[in-house]
Amino acid sequence: MLERLEYEVAVVGGGPGGMTAACSAVQSTSSVVLLESALWLGGQVWSGGDGPHADRTAKKWFKRIQQSDVEVMTQSTVIGIHDRILQVDTPEGLVEIAFSRLILATGAREIFIPFPGWTLPHVFGVGALHNLAKQGWPMRGKRVVVAGSGPLLIAVAAHLRQLGATVVLVAEQTGLSKMVQFAAQLPLNAPSKLMQGAAFGARLAGVPIRTHCWPVKASGTEKLERVRMTNGSSEWDIPCDYLACAFGLTANLELPYLLSCRIEEERVSTDSSMLTSIPKVYCVGEPTGIGGVDSALTEGTIAGFSAVGQTREANRMRSKKRRMDRFGEILRKSYEPRAELRTLAQPDTILCRCEDVSVGQARNDAGWREAKFYRHVGMGACQGRTCGSAARFLFGWEQPSVRPPLFPVELKKLATYTAPPN
Ligand SMILES: Cc1cc2nc3c(=O)[nH]c(=O)nc-3n(C[C@H](O)[C@H](O)[C@H](O)COP(=O)(O)OP(=O)(O)OC[C@H]3O[C@@H](n4cnc5c(N)ncnc54)[C@H](O)[C@@H]3O)c2cc1C
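The sequence shown begins at 106 in the working numbering and counts up one residue at a time.
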């Protein structure tokens, strides 16, 4: 028999969206639990916790959580859900958490588009290298190429430089005209982002920043030694120690899929109170549309208040939410990956790194199901979280099906669990 805990509000995901949702809900009920799989709260953007790199906003929310009655459970991963009961993997074993209302704030992960050498040691995701650096990975004197797509490139490059790295190039795949259009919309929809962008730009003075530029090959004997870049017409090599490369973000939608929430164009549909198509289940942050930290904070506040019936408080955030939605839409259109990126992978380029399946092997499969059945694509430790978005971009394959457990669990823990009857 598993331990079962009961809460009025359960929040899954301890990033900015989940933290604000929990802080808002707890103002009306003391029965709020915040579940986070990582060692500490903060999600992706505040992943260093309340440490030296935390900004003012992060410090404010960490303090609020500490001073609140929110029950925080870190190292606690939701692996399934059945009948308003979450199955949670904790260091002590599996635990069940019963809830009346649920807020999903599961965030996003990076999109990797395969190119020759993308699995070489010292090729990282942009956010991944940033997270490592924030946690003390030595960057001083290291030559770094930051490439891919999205505003994260500039933010991360600026911070890596501050930590002592030599940023040799920032390469954005989108074209200059799209970036100019993006910047032109900011004063109206996200003025603080414009200031932020200018500050990052100043910190990158002297660093080459190229638009319409992307990597075609990473090479080296045992680890990365150089990256071949292109602007579509010519190619050149850049010697470097690290390549930080990702082509935007894709939302973590496994739990919303498992709950059968309505999802359109990779976004969970919600009403203005962040309620999904499933009664008493709310969703905030990146799963409702990639919009960044400010959007997650706004939506988290709305959902937290709405879940406990504080509609007046929630309504106060509505105009900000509309602005954030417009920002998210502009972001999406401005940084869409270009079609040329589909031609980078060669037949022997790895698609599924867990199961060692190449693009050439998978290319002729009819879809995700067939590739999974015959070649175990997406059946390794990441369960398709990396190759799923690559296969969608390269071959147009549908989202892999979702089944519990959502993350690998130790067998001895699973053995204690008796599945509920269907
Ligand atoms: C690798 C990476 C680095 C990033 N770095 C930056 C940055 O430096 N600056 C910036 O402005 N933006 C960054 N972003 C963008 C970032 O997603 C948003 O700005 C912001 O963090 C969104 O907040 P959120 O609460 O929606 O999601 P997140 O911050 O992603 O938080 C979601 C949390 O949910 C947890 N979670 C997910 N599933 C489960 C589960 N089943 N059980 C328990 N917990 C779960 C995750 O561990 C995570 O902590 C980064 C994104 C990624 C993917």
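All C-beta atoms in this analysis are idealised placements derived from N, C-alpha and C, irrespective of residue type, glycine included.
These figures come from a predicted structure and were not determined experimentally.
If only complete runs of 4 or more residues are kept, the segment 148-231 shows the alpha helix (DSSP H) at 161-172, in order along the chain.
Non-local beta-carbon contacts of Thr279 in its own chain, meaning distances under 8 Å to residues more than five positions away in sequence, involve Ser254, Thr316, His317, Ser439, Tyr440, Glu441, Arg443 in chain order. For Lys426 and Pro361, the gap between their C-alpha atoms comes out near 21 Å.
Exclusion of Ser173 from the 7 Å shell around ligand 1 follows from its C-beta lying no nearer than that to any non-hydrogen atom of the ligand. As the crow flies, the alpha-carbon of Ala307 is around 26 Å from that of Val332. Distance check between Ser142 and each of Pro509, Leu348, Gly118 places Gly118 closest, using alpha-carbon atoms only. Taken in chain order, the unbroken stretches of alpha helix (DSSP H) that lie wholly in the segment 357-404 and span 4 residues or more are 359-363. Within the chosen limit of 7 Å, ligand 1 reaches the beta carbon of Ser142 through at least one heavy atom.
Listed as beta-bridge partners of Ala252 by DSSP are Ala276, Cys350. DSSP places Asp430 within a helical segment (H, G or I) once states are collapsed to three. If you look at Met334, you'll find it in the beta strand (DSSP E) that goes 331-335.
As computed with DSSP, Ile314 is found in a beta bridge with Val275.
Residues of the same chain with a CB within less than 6 Å of the CB of Gly394, apart from the 5 flanking positions on each side, are Arg372, Gly433 in chain order. Taking C-beta atoms under 8 Å as the contact rule, Ile343 and Ser365 fail to qualify, at a distance of about 47 Å. The segment 411-430 makes no contact with the segment 446-460: fewer than 3 CB pairs, one atom from each, lie closer than 8 Å. Under the three-state reduction of DSSP, Lys322 is assigned to strand. Of the heavy atoms belonging to ligand 1, at least one sits nearer than 7 Å to the Cβ of His235.
For Arg109, the beta-bridge partners assigned by DSSP are Glu201. The continuous stretches of beta strand (DSSP E) do not include Cys128, which lies in the alpha helix (DSSP H) extending over residues 121-130. Taken atom to atom, the span from the alpha-carbon of Asn357 to that of Asp399 is near 18 Å.
In this structure, the beta-carbon distance from Val177 to Leu146 falls below 8 Å.
Nearest to Ala210 by alpha-carbon distance, out of Leu265, Gly269, Ser173, Thr381, is Thr381. Remark: C-beta atoms of Val482 and Ala349 do not approach each other more closely than 8 Å.
For the pair Arg447 and Ala289, the Cα-to-Cα distance works out to about 29 Å. Scanning its chain for C-beta atoms nearer than 6 Å, with the 5 sequence neighbours on each side dropped, one finds around His227 the residues Lys328, Leu329, Tyr347, in chain order.
In this structure, the beta-carbon distance from Leu110 to Ile202 falls below 8 Å. With respect to the C-alpha of Arg423, the residue from Gly414, Met379, Glu445 having the closest C-alpha is Met379.
In this structure, DSSP gives Thr448 a helical state, which the three-state scheme calls helix. Val249 sits away from Thr224, with the two beta carbons spaced by 8 Å or more. When DSSP reads this structure, Cys457 sits in a beta bridge with Val462. The three-state secondary structure of Leu140, taken from DSSP, is strand. Per DSSP, Glu441 lies in no beta strand (DSSP E) and is assigned neither H nor E. When distances are taken from the beta-carbon of Arg214 to the heavy atoms of ligand 1, the shortest one is below 7 Å. The three-state secondary structure of Trp473, taken from DSSP, is helix. The residue from Arg508, Glu460, Ser506, Leu363 with its alpha-carbon nearest to that of Ala486 is Glu460. The beta-carbon separation of Leu257 and Val231, rounded to 5 Å, stays under the 8 Å limit for a contact.
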